[in-house]
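Below is one structure, written out as structure tokens; comments come after it.
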Amino acid sequence: MKTPISCMLIILFTSFLANAQSYKIVKKEKFGKIGIFAGLIDEKTGEKVIRFKYNDMLKVENRPDLYFVKEDGKWGMINLKGKKVIPLKYDKIFYSNIEGLLTVHRSGTYGVYDLDGKLKVPVSYEKINLLSSESMLVEKDGKFNLVDFKGKKIIPVGFDNYDEYLIEIDPERIVVINNGKKGIFSIYGKEVYPIKLDNVKLNLKQETYGIFKNGKVGLVNFKGKMIIPTEYERIDVFAQTDYYRVKKNGKYGLLDKAGAEIYHCQFDEFYRFKVFEKIFILAEKNEKIGIIDQFGKQLIDFELDDFSQMLIGNKTFFRGKKYGKYGLFNLTGMEVIPFVYQELKSDRHSSEQIIAQKNDLYGVINLSNEVVVPFEYLKYHPNGVNDKSYQKKNGLWYSYIDGIEKQEVEPEIDENGVYMIVSDQPSFPGGEAKMMRFIYDNIKYPPIAKDNNIDGMCVISFIIEKDGKITNAKITRDIGGGCGDEALRVIQLMPDWVAGKHNGEPARVSFNLPVRFKLQ
Numbered sequence: 000m001k002t003p004i005s006c007m008l009i010i011l012f013t014s015f016l017a018n019a020q021s022y023k024i025v026k027k028e029k030f031g032k033i034g035i036f037a038g039l040i041d042e043k044t045g046e047k048v049i050r051f052k053y054n055d056m057l058k059v060e061n062r063p064d065l066y067f068v069k070e071d072g073k074w075g076m077i078n079l080k081g082k083k084v085i086p087l088k089y090d091k092i093f094y095s096n097i098e099g100l101l102t103v104h105r106s107g108t109y110g111v112y113d114l115d116g117k118l119k120v121p122v123s124y125e126k127i128n129l130l131s132s133e134s135m136l137v138e139k140d141g142k143f144n145l146v147d148f149k150g151k152k153i154i155p156v157g158f159d160n161y162d163e164y165l166i167e168i169d170p171e172r173i174v175v176i177n178n179g180k181k182g183i184f185s186i187y188g189k190e191v192y193p194i195k196l197d198n199v200k201l202n203l204k205q206e207t208y209g210i211f212k213n214g215k216v217g218l219v220n221f222k223g224k225m226i227i228p229t230e231y232e233r234i235d236v237f238a239q240t241d242y243y244r245v246k247k248n249g250k251y252g253l254l255d256k257a258g259a260e261i262y263h264c265q266f267d268e269f270y271r272f273k274v275f276e277k278i279f280i281l282a283e284k285n286e287k288i289g290i291i292d293q294f295g296k297q298l299i300d301f302e303l304d305d306f307s308q309m310l311i312g313n314k315t316f317f318r319g320k321k322y323g324k325y326g327l328f329n330l331t332g333m334e335v336i337p338f339v340y341q342e343l344k345s346d347r348h349s350s351e352q353i354i355a356q357k358n359d360l361y362g363v364i365n366l367s368n369e370v371v372v373p374f375e376y377l378k379y380h381p382n383g384v385n386d387k388s389y390q391k392k393n394g395l396w397y398s399y400i401d402g403i404e405k406q407e408v409e410p411e412i413d414e415n416g417v418y419m420i421v422s423d424q425p426s427f428p429g430g431e432a433k434m435m436r437f438i439y440d441n442i443k444y445p446p447i448a449k450d451n452n453i454d455g456m457c458v459i460s461f462i463i464e465k466d467g468k469i470t471n472a473k474i475t476r477d478i479g480g481g482c483g484d485e486a487l488r489v490i491q492l493m494p495d496w497v498a499g500k501h502n503g504e505p506a507r508v509s510f511n512l513p514v515r516f517k518l519q
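Under numbering that gives the first Met the number 0, the first residue of the sequence shown carries the number 0, and numbering increases by one thereafter.
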């Protein structure tokens with residue numbers, strides 16, 4: 000039975016590799032000689048494969064049949080038979096970034112060999128950077144050129160230098176420098192942009208170059224097509240949108256990815272922000288704020304003095320302020336709560352209600368702007384005896400249960416001298432907004448909860464002492480997954496509060512603080 004030729008080749012090659020892998024470079028002293036000499040032995044038999052005559056010896060990567068050797072201070076390359084593949088006359092031999100090619104150096108000049116020992120590029124250049132198996136950047140007589148392996152120029156003009164960092168990122172194009180100016184060429188010689196730029200910056204993801212000229216910036220693509228002319232002070236890519244933010248004469252505008260103008264440069268500032276998976280742009284114009292969606296549509300006109308996001312239940316709204324009053328928009332820009340309130344706050348105990356202030360009095364409205372709790376109260380406490388408590392002018396506190404007002408009849412103080420409700424409630428330094436920011440900046444979503452899709456509300460109870468310190472902090476409601484422990488940890492990090500008072504005297508006050516964990 001005949002063995003197929005392909006099988007024979009595989010068997011022979013496998014055998015060769017097995018033998019090659021058993022070879023070992025050994026260094027030892029030679030009798031009558033000064034120094035250490037390297038050679039090659041067969042580990043299995045102990046027999047000498049290459050005699051001990053070299054000052055140094057190194058394996059060639061991925062080629063078990065080739066070795067770099069050094070003799071009398073010069074490097075070369077030999078095979079397993081000791082035959083010279085590259086003559087031993089070079090100061091250094093380098094691996095190149097092109098597979099199968101080596102760069103050699105001798106007396107300040109460079110050349111290129113392949114692994115078969117063929118001299119591909121004469122040793123005549125002051126510097127070589129191989130770009131492909133056919134082209135390279137070379138320096139000769141103080142000038143750089145892009146040439147082929149025969150020395151023929153691919154770019155007709157010489158240049159002083161090139162940007163080594165950018166060519167590592169984008170090996171298809173080079174940024175050349177001549178007389179202090181920069182230009183862009185493909186490695187095949189096509190001019191992407193002439194050598195007259197002050198600077199060039201690469202955006203590989205967008206396949207564009209930012210080009211700087213006379214203090215202005217523009218944008219060209221990899222084919223050299225001008226996308227944005229060099230007339231702007233700044234160009235920013237708005238991530239996850241189809242737009243560029245541009246600045247001209249101190250004002251910002253918006254261009255699409257083709258460079259077409261969506262909004263001319265008229266805005267004082269643009270900010271990109273994200274709500275769940277949607278992208279929005281906040282713009283300022285003449286000290287007024289407006290909102291634009293990711294498609295360039297104006298959602299909210301430039302009439303707001305203040306703007307923030309507001310979470311009600313699991314829904315996010317835009318809270319705006321104009322003419323000194325607050326109102327709400329939904330994420331499509333539709334006004335859902337009119338601008339008639341001095342204050343609007345989320346009700347942590349309800350997914351549909353908002354605590355509002357009107358004519359200096361507090362009440363509660365729903366998302367249809369219907370009054371749930373009438374505007375009759377001077378103060379409210381978000382963690383009262385029955386969820387929330389409201390104080391009237393008479394100093395008494397009330398709760399609303401099923402729409403019915405009920406005077407608080409729970410004891411004001413327990414056996415440990417801790418008040419549930421006081422006339423002046425304790426507060427986080429800087430107010431509720433500062434407290435929410437402190438929690439947001441410090442809390443970390445527990446990995447176990449995240450991995451198991453656990454979200455919801457934890458409640459931490461604690462006492463605010465007469466000096467404002469937090470004591471007796473504990474979890475009174477937990478959703479698992481480490482959320483309760485994480486909420487407790489953050490509460491215990493809080494600075495001292497502004498202590499509560501009852502009838503003008505410092506008081507120990509019990510406080511319940513809900514902490515929401517929400518997966519997005």
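Think of the CB as a built atom: it goes at the ideal place given N, C-alpha and C, for glycine as much as any other residue. Since the structure is predicted, the reported quantities are computational estimates derived from the model, not experimental observations.
The three-state reading of DSSP puts glycine 323 in coil, since its state is none of H, G, I, E or B.
In this structure, leucine 100 places its C-beta atom within 8 Å of the C-beta atom of lysine 119. Judged by pairs of C-beta atoms under 8 Å, the segment 433–440 does not touch the segment 384–404, as fewer than three such pairs exist. Taking all protein chains in view, the Cβ of aspartate 346 is crowded by 16 or more other Cβ atoms within 10 Å, so the residue is classified as buried. Counting every other CB atom within 10 Å of its CB across the protein chains shown gives proline 425 a total of 16 or more, marking it as buried. Of the residues assessed, proline 445 falls on the buried side of the cut-off, its CB having 16 or more other CB atoms within 10 angstroms.
Beta-carbon to beta-carbon, tyrosine 161 and valine 146 are separated by about 13 Å, too far to satisfy the 8 Å threshold.
For aspartate 169, same chain residues with a beta-carbon under 7 Å away, outside a window of 5 residues either side, are Leu201 and Leu203 in chain order. Between arginine 515 and glutamate 464, the C-beta gap is not smaller than 8 Å, which leaves the two residues out of contact.
In this structure, the beta-carbon distance from valine 458 to arginine 476 falls below 8 Å.
Secondary structure within the segment 63–101: the beta strand (DSSP E) runs of 3 or more consecutive residues, fully enclosed, are 73–78, 83–89 and 91–94 (chain order). By a beta-carbon distance limit of 8 Å, leucine 114 contacts leucine 65. Their separation comes to about 7 Å. Here aspartate 440 is not near leucine 518, since their CB atoms are 8 Å or more apart.
For isoleucine 35 and glutamate 133, the gap between their C-alpha atoms comes out near 40 Å.
With respect to the 8 Å criterion, isoleucine 183 and glutamate 171 are not classified as neighbours on the basis of their beta carbons.
By alpha-carbon distance to tyrosine 22, the top candidate from Lys47, Glu28, Lys29 and Ile33 is Lys47. Glutamate 369 is not a Cβ neighbour of alanine 355, given a cutoff of 8 Å.
If you keep only unbroken beta strand (DSSP E) runs of at least 3 residues inside the segment 112–143, you get 118–124, 126–129 and 134–139. Taking C-beta atoms as the reference points, glycine 326 and isoleucine 290 fail to come closer than 8 Å. Alanine 257 sits away from isoleucine 280, with the two beta carbons spaced by 8 Å or more. DSSP places phenylalanine 272 inside the beta strand (DSSP E), whose first and last residues are 268–274. Along the length of the segment 368–455, whole beta strand (DSSP E) runs at least 3 residues long occupy 370–376, 378–383, 386–390, 396–400 and 403–406, reported in chain order. For valine 216, the number of other beta carbons within 10 angstroms of its own is at least 16, and it is reported as buried. As the crow flies, the alpha-carbon of glutamate 138 is around 30 Å from that of aspartate 55. Where arginine 244 is concerned, the enclosing beta strand (DSSP E) starts and stops at 242–247.
When the alpha-carbon of tyrosine 399 is set against those of Phe427, Ile364 and Val236, the nearest one is in Ile364. Taking the C-beta atoms as reference points, serine 509 is found nearer than 8 Å to isoleucine 462. Cβ atoms of leucine 218 and threonine 207 come within 8 Å of each other, at about 5 Å. With a 10 Å radius around the Cβ and a threshold of 16 neighbouring Cβ atoms, asparagine 452 comes out exposed.
Straight-line spacing of the CA atoms in tryptophan 74 and isoleucine 92 works out to 7 Å.
Isoleucine 447 is positioned such that its CB atom lies no closer than 8 Å to that of glycine 483.
By the neighbour-count criterion, in which 16 or more other beta carbons inside 10 Å mark a residue as buried, serine 388 falls on the buried side.
Looking at the DSSP output, valine 48 shares a beta bridge with no other residue. Contact between phenylalanine 266 and tyrosine 251 holds: their C-beta atoms lie close to 4 Å from each other, under 8 Å.
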